[in-house]
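Residue numbers (this note's numbering), protein chains in the order written: chain A, 5 to 215; chain B, 5 to 215; chain C, 5 to 215.
Cβ atoms here follow ideal geometry from the backbone N, Cα and C, with glycine treated the same way.
Beneath this line is the structure, given in structure tokens, with notes to follow.
Laid out in structure tokens, this is it:
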């Protein structure tokens with residue numbers, strides 16, 4: 005992931021910020037101090053990419069070679085804590101939406117890193133897209149002892165997977181990278197947001213299925 | 005792990021399939037969609053080996069270099085979902101038995117990868133055997149928010165460890181590899197199945213010890 | 005981490021022993037067999053360092069190249085189980101104190117490995133100090149299905165982080181390594197122990213904040 009690919013890098017930064025916010029919000033529900041909030045934000049924002057880089061053998065891991073990631077996480081954590089003090093509406097819905105944005109960005113980045121930097125076969129690239137998108141949030145939920153979002157929302161991993169498949173198919177037919185990226189992100193984001201919204205309309209239905 | 009060692013590779017594939025089934029069954033109890041089932045099956049089947057390859061510095065990780073692993077996981081997931089629709093008896097017992105099979109296969113593979121490919125000392129190879137056998141299931145249980153099997157059944161890790169010790173001792177005395185493999189697998193499998201069966205006979209005893 | 009740096013190595017061994025005890029105590033509360041106790045002790049003692057070495061690209065991981073770590077974990081596990089049989093007072097308080105000691109040692113080691121062996125920037129070294137100190141205990145708590153200590157005690161990660169920052173600042177001003185190490189360790193240990201003790205005095209306060 006060279007620094008010339010500015011768009012690639014900027015979208016990575018964007019994903020880190022929104023996932024850090026999502027992590028900080030999850031930590032905020034637990035009344036952590038600011039340092040604990042940063043730890044959870046860090047793990048949420050950089051956990052998926054770290055796992056991807058380790059498995060693809062990309063060394064050093066992104067945030068080790070570029071401290072900007074760390075400052076983004078710290079900044080996003082402070083912003084979330086301050087925003088949470090100002091507005092009590094910065095809550096569960098904000099977390100679900102920022103999580104969906106992060107998911108779409110990280111899915112694309114995971115597929116791109118796998119295809120263009122580690123040169124793995126397309127099916128493995130799809131897995132890397134899902135992993136990059138999902139792993140940070142799963143680690144966040146596991147550490148916070150929450151029921152993982154990936155379990156609560158059935159089409160969480162599905163959104164990632166479909167988006168990643170769309171990207172690799174577009175890549176196979178040599179569609180321009182910018183177009184593939186936007187369509188893949190929209191695909192993940194729309195599926196995920198529709199899932200979240202339709203869930204809001206069906207709370208009673210879910211409760212009946214609770215174990 | 006070169007492709008010439010067909011037996012080694014085939015037993016690895018077998019372990020992946022049974023652990024994927026075990027993962028899909030665990031996911032099935034949670035009413036995931038098919039994509040979520042595949043994610044849990046994937047993590048269960050390939051989590052232990054991934055951790056082992058990362059720690060031993062074997063790059064690239066097995067399933068990254070060989071997409072067959074991915075197709076096996078997808079196939080096993082589909083099979084499990086279909087079999088689950090046909091027979092409602094494909095349940096907890098099936099999961100415990102397939103888990104025990106996967107455990108025995110992965111323990112051997114972990115020890116062999118450590119001894120013959122990373123050339124680590126025998127005690128470390130035992131650890132790698134346990135890790136390869138246990139880690140996938142532990143990750144599955146953690147993500148599914150279940151109480152890990154490794155905690156519920158006291159002799160889960162013990163079965164792995166004894167099997168791995170048997171293999172390394174046989175290897176030290178230069179017993180033929182095929183014989184070591186079969187005896188190590190039988191060792192893990194028998195200890196584990198006896199434990200599972202004897203547990204079935206002692207439910208009341210366990211309940212008294214519950215915290 | 006060459007063998008000439010005896011002090012470095014000895015403090016690493018010390019940290020491994022106290023974290024292994026902390027892991028064995030956590031496992032002991034769950035009535036595991038001796039093998040299960042060793043697995044949890046192993047993960048607690050070596051999980052943080054393993055993660056650090058993987059992310060920093062230090063190969064092979066410490067305990068793979070030096071089986072002494074394994075024997076320390078096994079010895080500490082046996083000691084804990086025996087001591088637990090002799091004295092029923094070897095309990096929660098012992099676990100919290102041994103955890104605090106391990107935390108201080110591992111924080112220093114994490115920062116030193118990052119600064120002197122992987123040559124990463126100072127902010128990343130702070131993260132590595134926190135990760136080395138915290139990760140093993142977090143993995144222990146996650147596997148044991150406990151609420152992570154890092155969540156229960158707000159200034160757990162904070163103690164690590166402040167200690168790590170102190171070390172990197174002292175390192176920047178070229179303070180002698182032994183002095184930096186002792187002050188960093190005291191910093192982590194004192195903050196953590198004060199937090200544990202003050203928590204014991206404020207149970208009612210916490211209960212009001214419980215969700």
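Distance between residue j and residue i (C-alpha atoms, nearest Å)
{"i": "residue 123 of chain A", "j": "residue 10 of chain C", "result": "43 Å"}
{"i": "residue 113 of chain C", "j": "residue 112 of chain B", "result": "34 Å"}
{"i": "residue 48 of chain A", "j": "residue 25 of chain C", "result": "29 Å"}
{"i": "residue 110 of chain B", "j": "residue 70 of chain C", "result": "24 Å"}
{"i": "residue 16 of chain C", "j": "residue 84 of chain B", "result": "46 Å"}
{"i": "residue 126 of chain A", "j": "residue 88 of chain A", "result": "41 Å"}
{"i": "residue 197 of chain C", "j": "residue 131 of chain C", "result": "21 Å"}
{"i": "residue 18 of chain A", "j": "residue 106 of chain A", "result": "8 Å"}
{"i": "residue 33 of chain C", "j": "residue 43 of chain C", "result": "14 Å"}
{"i": "residue 168 of chain A", "j": "residue 186 of chain A", "result": "12 Å"}
{"i": "residue 57 of chain A", "j": "residue 115 of chain A", "result": "12 Å"}
{"i": "residue 28 of chain B", "j": "residue 145 of chain C", "result": "25 Å"}
{"i": "residue 20 of chain B", "j": "residue 152 of chain A", "result": "24 Å"}
{"i": "residue 118 of chain C", "j": "residue 22 of chain C", "result": "22 Å"}
{"i": "residue 135 of chain B", "j": "residue 150 of chain B", "result": "19 Å"}
{"i": "residue 181 of chain B", "j": "residue 166 of chain B", "result": "17 Å"}
{"i": "residue 142 of chain B", "j": "residue 121 of chain B", "result": "25 Å"}
{"i": "residue 184 of chain C", "j": "residue 31 of chain A", "result": "32 Å"}
{"i": "residue 195 of chain B", "j": "residue 37 of chain B", "result": "34 Å"}
{"i": "residue 14 of chain C", "j": "residue 76 of chain C", "result": "12 Å"}
{"i": "residue 100 of chain C", "j": "residue 176 of chain A", "result": "55 Å"}
{"i": "residue 179 of chain C", "j": "residue 179 of chain A", "result": "57 Å"}
{"i": "residue 68 of chain C", "j": "residue 72 of chain B", "result": "29 Å"}
{"i": "residue 199 of chain A", "j": "residue 199 of chain B", "result": "43 Å"}
{"i": "residue 86 of chain B", "j": "residue 12 of chain B", "result": "29 Å"}
Cβ pair residue i, residue j closer than 9 Å
{"i": "residue 53 of chain B", "j": "residue 66 of chain B", "result": "yes"}
{"i": "residue 64 of chain B", "j": "residue 201 of chain A", "result": "no"}
{"i": "residue 188 of chain C", "j": "residue 174 of chain C", "result": "yes"}
{"i": "residue 170 of chain C", "j": "residue 148 of chain C", "result": "no"}
{"i": "residue 45 of chain C", "j": "residue 102 of chain C", "result": "no"}
{"i": "residue 129 of chain A", "j": "residue 172 of chain A", "result": "yes"}
{"i": "residue 40 of chain B", "j": "residue 160 of chain A", "result": "yes"}
{"i": "residue 74 of chain A", "j": "residue 139 of chain A", "result": "no"}
{"i": "residue 61 of chain B", "j": "residue 108 of chain B", "result": "no"}
{"i": "residue 98 of chain B", "j": "residue 193 of chain B", "result": "no"}
Contact list for residue i against chain A, beta-carbon separation under 7 Å
{"i": "residue 39 of chain B", "result": "161, 162 and 165"}
Backbone secondary structure at residue i - three-state DSSP
{"i": "residue 10 of chain B", "result": "helix"}
{"i": "residue 89 of chain B", "result": "helix"}
{"i": "residue 129 of chain B", "result": "helix"}
{"i": "residue 61 of chain C", "result": "coil"}
{"i": "residue 177 of chain B", "result": "coil"}
{"i": "residue 15 of chain A", "result": "helix"}
{"i": "residue 34 of chain A", "result": "coil"}
{"i": "residue 191 of chain C", "result": "helix"}
{"i": "residue 121 of chain A", "result": "helix"}
{"i": "residue 148 of chain A", "result": "coil"}
{"i": "residue 134 of chain C", "result": "helix"}
{"i": "residue 103 of chain C", "result": "helix"}
{"i": "residue 159 of chain A", "result": "coil"}
Contact set between residue i and chain C, taken where Cβ atoms lie within less than 8 Å
{"i": "residue 58 of chain A", "result": "58 and 59"}
Within chain A, partners of residue i - CB distance below 8 Å
{"i": "residue 71 of chain B", "result": "125, 127 and 128"}
{"i": "residue 142 of chain C", "result": "147"}
Interface partners of residue i on chain C, CB under 7 Å
{"i": "residue 65 of chain B", "result": "Neighbours of residue 65 of chain B on chain C: none; closest Cβ ~12 Å, over 7 Å."}
Chain-ordered chain B contacts of residue i [CB-CB under 8 Å]
{"i": "residue 54 of chain C", "result": "59"}
{"i": "residue 134 of chain A", "result": "43"}
Within chain B, the residues that residue i reaches when beta carbons sit closer than 9 Å
{"i": "residue 131 of chain A", "result": "46, 67, 68 and 74"}
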